[in-house]
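From first to last, the protein sequence lines stand for chains P and H.
Read in order, the letters of the first sequence correspond to residues 4 to 432 in this note's numbering.
Read in order, the letters of the second sequence correspond to residues 56 to 611 in this note's numbering.
The beta carbon of each residue, even a glycine, is placed where N, CA and C say it ideally should be.
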Amino acid sequence: MNKFKVGGLASIAAAVALLAATAAQAADTIKVGVLHSLSGTMAISETTLKDTVLMLIEEQNKKGGILGKKLEAVVVDPASNWPLFAEKAEQLLVKDKVSVVFGCWTSVSRKSVLPVFEKNNGLLFYPVQYEGEESSKNVFYTGAAPNQQAIPAVDYLMNDVGVKRWVLAGTDYVYPRTTNKILEAYLKAKGVKSEDIMINYTPFGHSDWQRIVADIKKFGSAGKKTGVVSTINGDANVPFYKELGNQKISAEDIPVVAFSVGEEELSGIDTKPLVGHLAAWNYFMSVDTPANAEFIKKWRAFIKNNKRVTNDPMEAHVIGFNMWVKAVEKAKTTDVNKVIDTMVGIEVPNLTGGVAKMLPNHHLTKPVLIGEVRADGQFDTVWQTQGLVPGDAWSDFLPGSKDIEADWVTLKCGNYNTKTKKCSGQNYE
Amino acid sequence: MQAVPGTRPGPRFVPPSGLGWLVLVLMMGMLWRPAAAAETPSFEQALSGLATSNFKEKERAVGDVIAVRHANTRVVLNALLEGNLYYRKSDRRVFIGTAQDANLQLQDPVTLSPAGTTEPSEYSKITTNNQLRKTLKSALASFDLADADPQVRLAAVSEMLRSLDADGVSILRAREGTEPDEAVREAIRTGLAIADLDGEDAAIRLAAVEHLKGSLNPEVFNRLTAIVTPTDAGSYAEPDEKVRSAARVALASIERWRSLFGTLETLFFGMSLGSVLVLSAIGLAITFGVMGVINMAHGELMMLGAYTTYVVQLLMPQHIGASVLVAIPVAFVVAGGVGVAIERGIVRFLYGRPLETLLATFGVSLVLQQLVRDIFTANNRPVETPQWMAGSLQVNEALSITYNRLYVVLFMVIVFVILQLVLKRTSLGLKVRAVAQNRAMAKSMGVRTEWVDALTFGLGSGIAGVAGVALSQLTNVGPNLGQSYIIDSFMVVVFGGVGNLWGTLIGGMSLGVVNQVLEPYAGAVLAKILVLIALILFIQRRPRGLFPQKGRAAEG
Chain P
4 MNKFKVGGLA SIAAAVALLA ATAAQAADTI KVGVLHSLSG TMAISETTLK
54 DTVLMLIEEQ NKKGGILGKK LEAVVVDPAS NWPLFAEKAE QLLVKDKVSV
104 VFGCWTSVSR KSVLPVFEKN NGLLFYPVQY EGEESSKNVF YTGAAPNQQA
154 IPAVDYLMND VGVKRWVLAG TDYVYPRTTN KILEAYLKAK GVKSEDIMIN
204 YTPFGHSDWQ RIVADIKKFG SAGKKTGVVS TINGDANVPF YKELGNQKIS
254 AEDIPVVAFS VGEEELSGID TKPLVGHLAA WNYFMSVDTP ANAEFIKKWR
304 AFIKNNKRVT NDPMEAHVIG FNMWVKAVEK AKTTDVNKVI DTMVGIEVPN
354 LTGGVAKMLP NHHLTKPVLI GEVRADGQFD TVWQTQGLVP GDAWSDFLPG
404 SKDIEADWVT LKCGNYNTKT KKCSGQNYE
Chain H
56 MQAVPGTRPG PRFVPPSGLG WLVLVLMMGM LWRPAAAAET PSFEQALSGL
106 ATSNFKEKER AVGDVIAVRH ANTRVVLNAL LEGNLYYRKS DRRVFIGTAQ
156 DANLQLQDPV TLSPAGTTEP SEYSKITTNN QLRKTLKSAL ASFDLADADP
206 QVRLAAVSEM LRSLDADGVS ILRAREGTEP DEAVREAIRT GLAIADLDGE
256 DAAIRLAAVE HLKGSLNPEV FNRLTAIVTP TDAGSYAEPD EKVRSAARVA
306 LASIERWRSL FGTLETLFFG MSLGSVLVLS AIGLAITFGV MGVINMAHGE
356 LMMLGAYTTY VVQLLMPQHI GASVLVAIPV AFVVAGGVGV AIERGIVRFL
406 YGRPLETLLA TFGVSLVLQQ LVRDIFTANN RPVETPQWMA GSLQVNEALS
456 ITYNRLYVVL FMVIVFVILQ LVLKRTSLGL KVRAVAQNRA MAKSMGVRTE
506 WVDALTFGLG SGIAGVAGVA LSQLTNVGPN LGQSYIIDSF MVVVFGGVGN
556 LWGTLIGGMS LGVVNQVLEP YAGAVLAKIL VLIALILFIQ RRPRGLFPQK
606 GRAAEG
């Protein structure tokens, strides 16, 4: 009994000492917020990104931190709950007073935190490919815009594979709907007739694909080469590809190019039915460059698992983090306004070669890679863009956004209409 | 005399890329024999062309390898298709390599003699893409045409028909005369007839149309449609009216068959969806229908069955084919055991208090989900499909039935029959029905109702586990599997009529078929909504479902 009390007291004393130590330390650290879901449905994808940021921070601290100060991670868990994202963002910015936040995955979580970052003048790095149609002063989009993923993928199918008939299949929510709207407009601009485009939406986690796959098969047997552009999200992909395999639709007959199937998603499933199907990303783990090999080695050492894979959003965080470090060092302060001004024009090498440059619309230049799925869950790069593609926030193929430009250097506006010469604030719609 | 690629004597062609180039080379080879020797590069040269990462160049090199028709062409093409072809980074020499542990065992492609074992890092694998694989498969198929097995020959012909070019046509024409097997000859004739539709002579085209009259090949349908469809200017691609009218007649009969098979296909899709619904609902029909317990954890019991399949597969990785069959009784025992535990631990204290039962079992469902998350992580688990369940049964060219769905339909029928036998023919079934009809009376007749309750609940839960095994082959095995089926299950039971297994069967099947009939017109999302609305309206008219229980039992 007594012993227990003593032990308890000692641990309290230790805790107090530790608190005092962290408080003393906090004065000369730079706080970095990490806003990724660690529980709930998105935890599978987002936990990896949290670990990536932690690894980058640890590495930077080994180099001596930034401006002579150590970095300190503040990790919160928004639990795949969109309103909670806004609350946690508020907490990071107001209570913890972080200098920068790395976070969000789904578009709806980004939309939810956007007003918080704009109100409190925070700084967010968003690492996932998204539907575009947005440019905020406070957000840097390090993932791909539609013209850095969807459009090049369609170009590849059209020019290299010779696809003439198109199936746009997606899960029923904002990213697939907007992307497919852009793609439909793009295909029509390229002279594809309406009867050669089939659009299909399915609910989240759809599993009964027999009818849709049979329809795709019928649509594809009309004598013209057919391709499927898939914005099908998450879980639903597995039964979809399984059904394709069972109905004997091979990648050679009707290739499926997916925008949300990456190494991480493939690592947990039976990849047999997927072999030969395509994915479009800006990074593949299989790309053979010294920088990438080094990154994979570091990641596996950090996570203490020699089988862990890397993926595209991880690279986006690596680029975003390195850019932020460079900008802070250049501005000699972590002050958000000064960092935002310094960010544009900063250059950081990609892991797959080439240089990522931050553009005035807060998007990056990126290489676009098309890969075919291998049996081991990795990709063989079969095509890539010559040089880098600058990210376009506002698609040129949607009637509403054609005339809109984002430029935070000269125009100081994320939504500037070149026809009416008006700036409608940071957001659109 | 060795030709350097690019400096070709004789007539100047601007070679198109890919297959067209290959055809040109072959045609030139046939036409100008003496020049052809200089035309085609040697086997070694063709091989060295493969050592590149550019797919256009690779395709050209593959064309060369096919064109030289070297004794080892087939071996090399096969190695390339299997991903066993490598080149040495230092001098770009091509080898056939097989991965052996961490090393690469090399084989010289020209002499086929072993060339030692080395570190893979100095070698680069020659990758293929979809177009290249298609070319390779088609070329390999032409080798298979002479195979002893008619099945292999048939597969080779259909492989070649996928992308038939002038070269393929001449190979097939040569084969037609010597082919002994009737089915293979017929397949070759269909392919040649399709090629003949482009013939110069109207009589040949007419004969081709006549030949293709009964074919359900989609390619035939497309070609015939093209013949009878006028262009924008009002003229026809096919100049001869006789050919056109023959095509119209042929097309009319093909269309009749196609729509018939299309209807059959929809019916099958509906039945397979219906079977999934029935399988997931039939356990509930027992616990909810017979016992009157609203078991919200029913979906999680299915999830347990699916996870059981996964664990069984982990335990017997060498026998994936049998693992699913083994998993069925195991899943029944696991889910049934959990069901008995739920009944003994929770539900028996709450009989006659439906709201509390609902909340308590909902709590159980959350506990089970979290348990699975803690044991197996939140990620989906990969359950492998056994070979015998993959692929599809090709009834004819317009109708194919996927094996996994077919087995699920059969499986549902078997489960249903067994369940009916248990309830109607065994003493347990008699007691279950007695307790369901009148508990007090049964008790006074000496039936141990408590014991019967536990076993009935266990039976319903075990069936849910068995349904989970079937679901593991159709959908993702993850902690949320149960949630996506629980609503559908209740829907089917209520629609079919509480306490009636036949009602569940008919109800599930008709919901499945209606859903699949609506889906092509309304889309997956709207079809589901429409079915739900129809169901609500139906329940308004007939609150007791399709087959209501009659008599005094219904009042209880």
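How would you write the range of the alpha helix (DSSP H) that residue i sits in, first residue to last?
i, result
"residue 517 of chain H", "504 to 527"
"residue 165 of chain H", "Per DSSP, residue 165 of chain H belongs to no alpha helix (DSSP H) and is neither H nor E."
"residue 454 of chain H", "Premise fails: residue 454 of chain H lies in the beta strand (DSSP E), 454 to 457, not in any alpha helix (DSSP H)."
"residue 536 of chain H", "No alpha helix (DSSP H) contains residue 536 of chain H, which DSSP labels as neither H nor E."
"residue 140 of chain H", "Where residue 140 of chain H is concerned, there is no enclosing alpha helix (DSSP H), although the beta strand (DSSP E) it sits in stretches over 140 to 143."
"residue 223 of chain P", "213 to 223"
Name the DSSP beta bridge partners of residue i, please?
i, result
"residue 383 of chain P", "P/375"
"residue 168 of chain P", "P/229"
"residue 201 of chain P", "P/170"
"residue 408 of chain P", "P/419"
"residue 127 of chain P", "P/104, P/142"
"residue 34 of chain P", "P/75"
"residue 281 of chain P", "P/260, P/375"
"residue 598 of chain H", "Answer by DSSP bridge pairing: none, since residue 598 of chain H is not bridged."
"residue 425 of chain P", "P/420"
Whose CA, out of the options, lies closest to the CA of residue i?
i, options, result
"residue 69 of chain P", "P/424, P/372, P/337, P/381", "P/337"
"residue 346 of chain P", "P/359, P/355, P/357, P/326", "P/326"
"residue 414 of chain P", "P/320, P/177, P/80, P/364", "P/364"
"residue 343 of chain H", "H/579, H/120, H/514, H/138", "H/514"
"residue 394 of chain H", "H/380, H/348, H/434, H/457", "H/348"
"residue 457 of chain P", "P/142, P/222, P/226", "The question about residue 457 of chain P has no answer here: the residues shown for chain P are numbered 4 through 432."
"residue 392 of chain H", "H/603, H/160, H/140, H/518", "H/518"
"residue 459 of chain H", "H/470, H/538, H/528, H/210", "H/528"
"residue 453 of chain H", "H/312, H/137, H/540, H/295", "H/312"
"residue 53 of chain P", "P/361, P/82, P/261", "P/82"
"residue 434 of chain H", "P/293, P/42, P/34", "P/42"
"residue 264 of chain H", "H/429, H/375, H/131, H/305", "H/305"
"residue 434 of chain P", "H/325, H/233, H/224", "Because chain P here runs from 4 to 432, residue 434 of chain P falls outside it and cannot be looked at."
"residue 107 of chain H", "H/269, H/158, H/181, H/358", "H/181"
"residue 240 of chain P", "H/532, H/541, H/560", "H/532"
"residue 304 of chain P", "P/36, P/58, P/47, P/32", "P/58"
"residue 411 of chain H", "H/466, H/356, H/350", "H/350"
"residue 320 of chain H", "H/582, H/140, H/456, H/449", "H/456"
"residue 267 of chain P", "P/46, P/34, P/169, P/65", "P/46"
Please list the partners that residue i has in chain P, where partner means a Cβ-to-Cβ separation under 7 Å.
i, result
"residue 446 of chain H", "249, 251"
"residue 433 of chain H", "46, 47"
"residue 529 of chain H", "210, 242"
"residue 459 of chain H", "249"
In terms of residue numbering, what span does the beta strand (DSSP E) encompassing residue i cover?
i, result
"residue 158 of chain H", "158 to 162"
"residue 150 of chain H", "149 to 155"
"residue 203 of chain H", "Neither: residue 203 of chain H is in no beta strand (DSSP E) and is coded neither H nor E."
"residue 449 of chain H", "447 to 451"
"residue 180 of chain H", "178 to 180"
So is the beta-carbon of residue i under 8 Å away from any non-hydrogen atom of the ligand MG?
i, result
"residue 426 of chain P", "Although the ligand MG was asked about, the structure shown includes no ligands whatsoever."
What in chain H is Cβ-close to residue i, meaning under 7 Å?
i, result
"residue 79 of chain P", "Neighbours of residue 79 of chain P on chain H: none; closest Cβ ~19 Å, over 7 Å."
Under 8 Å Cβ-Cβ, which residues of chain P neighbour residue i?
i, result
"residue 455 of chain H", "250, 251"
"residue 533 of chain H", "238"
"residue 155 of chain H", "Per Cβ cutoff of 8 Å: no residues; residue 155 of chain H is ~17 Å from chain P at best."
At a CB-CB cut-off below 9 Å, which residues of chain H make contact with residue i?
i, result
"residue 311 of chain P", "The premise fails here: residue 311 of chain P is roughly 13 Å from chain H at the closest Cβ pair, so nothing lies under 9 Å."
What does residue i touch in chain P if you count any residue whose Cβ is under 9 Å from its own?
i, result
"residue 539 of chain H", "208, 210"
"residue 441 of chain H", "Correct list: empty, because the minimum Cβ distance to chain P is about 11 Å."
Since residue i meets chain H, which of its residues come closer than 8 Å, beta carbon to beta carbon?
i, result
"residue 272 of chain P", "435, 437"
3 or more residues per run - each beta strand (DSSP E) lying fully within the stretch 314 to 380 of chain P: 350 to 352, 358 to 360, 372 to 376
Segments assigned alpha helix (DSSP H), at least 4 residues, entirely inside the stretch 248 to 284 of chain H: 257 to 266, 273 to 283
Segments of 4+ residues assigned as alpha helix (DSSP H) that fall wholly inside the stretch 308 to 393 of chain H: 353 to 370
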